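Have a look at the structure below, then the notes.
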Amino acid sequence: MDRRDLLSGKFTEDRLNLNNLRHSAYAYAKLLGSVDDAMIHFSLEGTIFALLPNGAKSFIGFQTILKGVWKQYDQDSFQLRLYETGFFHSLDSKDQIEVFENPITNQTNHLSEIKGGPYETIIKPAQHDWMISGDDVWIQEPKSRTGYFGSSEATSQNKQTAFANTIFRGKLSQLNDESSIAASMMTYNYVSPWYPFFEMDDVDGKMYWQAVGNKTQSWSDIPSSMQEYLTKNHRNYFESTNPWTERTSTLEHFRQSGKQDKERA
Amino acid sequence: MIGGMSALAVSPHLVSGQGLNIVEHKIDLNDPVQNALAYAKLVGTSARSMVHIYYKGTIFGMTPEEGVKPMIGHTGVLKGVWKPWINNSFYYTLYDVGYFMDLKTGLPAEEFENPFTGEINRPVKIIGGPFDRVIKPEVRPFENRGDDLWLDEPAYLNFVNKLDPKIWKKASTAERLSFLYVETYHGKLSDLANPDITSAPMTITSTHNTSWYPFFLMGQRPGGHYWQAIGKKVEDLESDVPVELINYIEKEKPGYFESEKPWKKRKGTFQAYKDERQPITG
Chain A
595 MDRRDLLSGK FTEDRLNLNN LRHSAYAYAK LLGSVDDAMI HFSLEGTIFA
645 LLPNGAKSFI GFQTILKGVW KQYDQDSFQL RLYETGFFHS LDSKDQIEVF
695 ENPITNQTNH LSEIKGGPYE TIIKPAQHDW MISGDDVWIQ EPKSRTGYFG
745 SSEATSQNKQ TAFANTIFRG KLSQLNDESS IAASMMTYNY VSPWYPFFEM
795 DDVDGKMYWQ AVGNKTQSWS DIPSSMQEYL TKNHRNYFES TNPWTERTST
845 LEHFRQSGKQ DKERA
Chain B
10 MIGGMSALAV SPHLVSGQGL NIVEHKIDLN DPVQNALAYA KLVGTSARSM
60 VHIYYKGTIF GMTPEEGVKP MIGHTGVLKG VWKPWINNSF YYTLYDVGYF
110 MDLKTGLPAE EFENPFTGEI NRPVKIIGGP FDRVIKPEVR PFENRGDDLW
160 LDEPAYLNFV NKLDPKIWKK ASTAERLSFL YVETYHGKLS DLANPDITSA
210 PMTITSTHNT SWYPFFLMGQ RPGGHYWQAI GKKVEDLESD VPVELINYIE
260 KEKPGYFESE KPWKKRKGTF QAYKDERQPI TG
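As given, the protein sequences belong to chains A and B, one line each in that order. The first sequence begins at 595 in the numbering used here and counts up by one. The second sequence begins at 10 in the numbering used here and counts up by one.
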């Protein structure tokens with residue numbers, strides 16, 4: 595296969611070899627995003643479970659929308675700039691809530707929004723851990739993270755560990771076809787310490803975030819509750835290639851919001 | 010979201026015998042009877058029949074001191090024996106056979122080095138079931154986007170450990186165990202709406218947050234496992250399931266794929282460990 599075939603995506607059914615490093619990077623970009631310059635969104639819906647010593651409980655719902663801005667980087671490589679925004683909702687409604695009656699502490703919590711990025715990644719030729727069964731293909735990305743999960747990064751806090759596992763599923767036949775984008779379903783799992791806006795420092799346990807969604811190119815495919823959230827809070831998010839410039843995360847965003855509230859007070 | 014799924018007309022459309030007339034099927038997942046039928050078609054079958062689900066994944070360990078480490082792989086084939094039941098319900102019996110897997114080779118692991126303790130552990134065999142379940146008419150929270158559909162099914166388990174920690178000091182983590190299973194089933198809305206399809210193609214993502222399993226010999230060390238697996242309903246055994254797994258299953262349980270009742274007495278990992286091993290106190 596030559597460079598022209600890679601760029602134009604002209605693979606025939608039997609020519610994409612996922613053991614080949616360049617093909618693997620190409621398939622990775624096509625499944626997670628696009629092999630042409632494009633914006634790709636994943637709209638996810640999920641539940642956070644509280645993992646407590648005496649068992650697990652469903653805790654709160656959440657929705658997020660990921661934006662990946664994909665560009666050809668150099669020969670055989672791709673550049674990804676990733677953003678995320680979203681909100682929490684109660685377990686019996688999909689509408690955003692900012693105030694949460696915490697069923698474990700019986701306290702009222704003032705929630706942050708979910709916000710992350712821009713995170714930049716270069717996808718270079720590499721061997722990815724593909725699983726193939728018939729025409730179905732999966733790739734997964736387990737990642738550990740160690741850091742401070744409290745309301746500030748005070749040095750007196752202990753570092754804690756979180757673990758995320760993201761799984762993408764698609765069709766091998768679509769990775770082989772001539773399009774630049776393949777349909778993809780995403781599952782996101784994240785085991786984390788309590789996030790500080792839930793005010794659970796005194797509770798033994800962890801959070802388990804579980805969400806599912808798919809790649810979407812159309813505003814009309816996004817759930818109405820997410821449409822309402824974006825219209826209200828991030829009007830240009832879906833169209834913009836650069837919805838904000840300063841890198842943040844949900845934790846950082848919460849900490850900054852707290853600082854600004856104190857400065858205003 | 011659920012409210013928006015009432016009486017969905019779905020595409021792609023089926024072409025009738027004349028090849029011209031478009032047939033549009035409808036399904037109302039807010040109707041408990043149709044919802045149960047959709048569940049049976051997605052996870053198993055609405056006919057009196059068997060389905061097999063291939064899975065493969067990784068078991069991670071998580072401790073407060075050492076973070077997250079992959080410990081061992083696992084792979085197998087679930088067998089579901091389904092039949093229509095009374096009052097618009099479905100009844101199925103589930104079996105599981107597979108092996109704990111070397112993460113590098115994908116082959117059965119007779120033993121492995123535990124990355125937390127540095128000790129050599131010997132896994133038991135994966136064998137489970139029969140587990141019986143009735144799928145009753147009720148509204149399960151299917152989600153859909155276009156023709157893509159999925160269902161998250163959490164299960165909360167809290168039960169007495171078969172291995173008393175006073176006796177099984179290294180194999181037992183506590184007197185009671187707490188597990189959270191979340192199985193996500195993906196399929197196509199058009200398949201579930203199609204009355205000609207009794208068993209729809211399905212892929213599965215499975216995650217389990219569990220206490221330490223006995224053969225890891227983690228004792229009462231803080232932490233636990235995160236199990237992850239991906240898989241699918243088997244449409245063609247030879248193209249969907251790796252040959253080494255088929256060979257393993259046919260050697261361990263001859264007739265597993267063909268039989269509606271591969272064994273009678275209930276089996277499970279904790280019971281197998283108790284039956285096969287002796288307490289280690291050191």
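A virtual CB, placed ideally from N, CA and C, is assigned to each residue, including glycine. Predicted model, so just to flag it, every value in this text is computed and none were measured.
Taking C-beta pairs closer than 8 Å, name the residues in chain A that residue i reaches, listed in chain order.
i: residue 200 of chain B; result: Residues of chain A passing the Cβ test: none, with the nearest at roughly 15 Å.
i: residue 239 of chain B; result: 725, 732, 734, 761 and 763
i: residue 182 of chain B; result: In chain order: nothing, as chain A lies at least about 12 Å away.
i: residue 235 of chain B; result: 757, 759, 783 and 785
Taking the straight line between their C-alpha atoms, what separation do you get for residue i and residue j?
i: residue 284 of chain B; j: residue 191 of chain B; result: 28 Å
i: residue 860 of chain A; j: residue 98 of chain B; result: Look at the range of chain A in this structure, 595 to 859, and you will see that residue 860 of chain A is not part of it.
i: residue 275 of chain B; j: residue 148 of chain B; result: 30 Å
i: residue 164 of chain B; j: residue 851 of chain A; result: 36 Å
i: residue 91 of chain B; j: residue 219 of chain B; result: 28 Å
i: residue 86 of chain B; j: residue 255 of chain B; result: 9 Å
i: residue 830 of chain A; j: residue 837 of chain A; result: 7 Å
i: residue 625 of chain A; j: residue 639 of chain A; result: 19 Å
i: residue 800 of chain A; j: residue 697 of chain A; result: 15 Å
i: residue 708 of chain A; j: residue 636 of chain A; result: 15 Å
i: residue 41 of chain B; j: residue 146 of chain B; result: 4 Å
i: residue 682 of chain A; j: residue 278 of chain B; result: 37 Å
i: residue 200 of chain B; j: residue 38 of chain B; result: 13 Å
i: residue 798 of chain A; j: residue 127 of chain B; result: 28 Å
i: residue 67 of chain B; j: residue 674 of chain A; result: 27 Å
i: residue 620 of chain A; j: residue 245 of chain B; result: 28 Å
i: residue 704 of chain A; j: residue 817 of chain A; result: 24 Å
i: residue 36 of chain B; j: residue 154 of chain B; result: 15 Å
i: residue 745 of chain A; j: residue 150 of chain B; result: 34 Å
In chain B, which residues lie with their C-beta within 7 Å of the C-beta of residue i?
i: residue 636 of chain A; result: None at all; the shortest Cβ gap to chain B is about 11 Å.
i: residue 740 of chain A; result: 76
i: residue 728 of chain A; result: 244, 245, 248 and 249
i: residue 649 of chain A; result: 165, 167 and 187
Kindly say whether residue i, judged by its beta-carbon, lies nearer than 8 Å to any beta-carbon of chain B.
i: residue 639 of chain A; result: yes
i: residue 610 of chain A; result: no
i: residue 804 of chain A; result: yes
i: residue 658 of chain A; result: no
i: residue 778 of chain A; result: no
i: residue 749 of chain A; result: Below a pLDDT of 50, predicted positions are generally treated as unreliable, and residue 749 of chain A, at 49, falls in that range; the measurement from the model is reported next regardless. For residue 749 of chain A, the answer is no, since every Cβ of chain B falls outside 8 Å of its Cβ.
i: residue 684 of chain A; result: no
i: residue 720 of chain A; result: no
i: residue 643 of chain A; result: yes
i: residue 815 of chain A; result: yes
i: residue 845 of chain A; result: no
I'd like to know whether the C-beta of residue i is nearer than 8 Å to at least one C-beta of chain A.
i: residue 244 of chain B; result: yes
i: residue 71 of chain B; result: yes
i: residue 208 of chain B; result: no
i: residue 189 of chain B; result: yes
i: residue 256 of chain B; result: no
i: residue 167 of chain B; result: yes
i: residue 197 of chain B; result: no
i: residue 63 of chain B; result: yes
i: residue 278 of chain B; result: no
i: residue 218 of chain B; result: yes
Which residues share a DSSP beta bridge with residue i?
i: residue 68 of chain B; result: B:81 and B:236
i: residue 847 of chain A; result: Looking at the DSSP assignment, residue 847 of chain A forms no beta bridge with any residue, so it has no partner.
i: residue 664 of chain A; result: A:632 and A:674
i: residue 54 of chain B; result: According to DSSP, which records beta bridges pairwise, residue 54 of chain B is partnered with nothing at all.
i: residue 90 of chain B; result: B:59 and B:102
i: residue 863 of chain A; result: Nothing about residue 863 of chain A can be reported from this structure: the residues present for chain A run from 595 to 859 only.
i: residue 163 of chain B; result: B:191
i: residue 704 of chain A; result: A:693
Which whole-angstrom value describes the C-beta separation of residue i and residue j, a residue pair presumed to lie in contact below a C-beta threshold of 8 Å?
i: residue 140 of chain B; j: residue 103 of chain B; result: 5 Å
i: residue 688 of chain A; j: residue 657 of chain A; result: 7 Å
i: residue 184 of chain B; j: residue 170 of chain B; result: 6 Å
i: residue 786 of chain A; j: residue 756 of chain A; result: 4 Å
i: residue 62 of chain B; j: residue 243 of chain B; result: 7 Å
i: residue 7 of chain B; j: residue 72 of chain B; result: Residue 7 of chain B falls outside the range modelled here, since chain B spans only 10 to 291, and no answer is possible.
I want to verify the contact list: residues of chain B whose CB lies under 8 Å from the CB of residue i, in sequence order.
i: residue 810 of chain A; result: 154
i: residue 652 of chain A; result: 163
Going along chain A, which residues have a C-beta under 9 Å from residue i?
i: residue 113 of chain B; result: Going along chain A, no residue has its Cβ under 9 Å from residue 113 of chain B, so there is no contact; the nearest lies around 11 Å.
i: residue 174 of chain B; result: What residue 174 of chain B touches in chain A: nothing, since even the nearest Cβ is about 15 Å away.
At 7 Å on the CB atoms, spell out the chain A contacts of residue i, in chain order.
i: residue 158 of chain B; result: Neighbours of residue 158 of chain B on chain A: none; closest Cβ ~10 Å, over 7 Å.
i: residue 193 of chain B; result: 781 and 806
Report yes or no: is there a C-beta of chain C within less than 8 Å of the C-beta of residue i?
i: residue 248 of chain B; result: The displayed structure is made up of protein chains A and B, and chain C is not among them.
Indicate, with yes or no, if the ligand SAM has a heavy atom lying under 7 Å from the CB of residue i.
i: residue 816 of chain A; result: Although the ligand SAM was asked about, the structure shown includes no ligands whatsoever.
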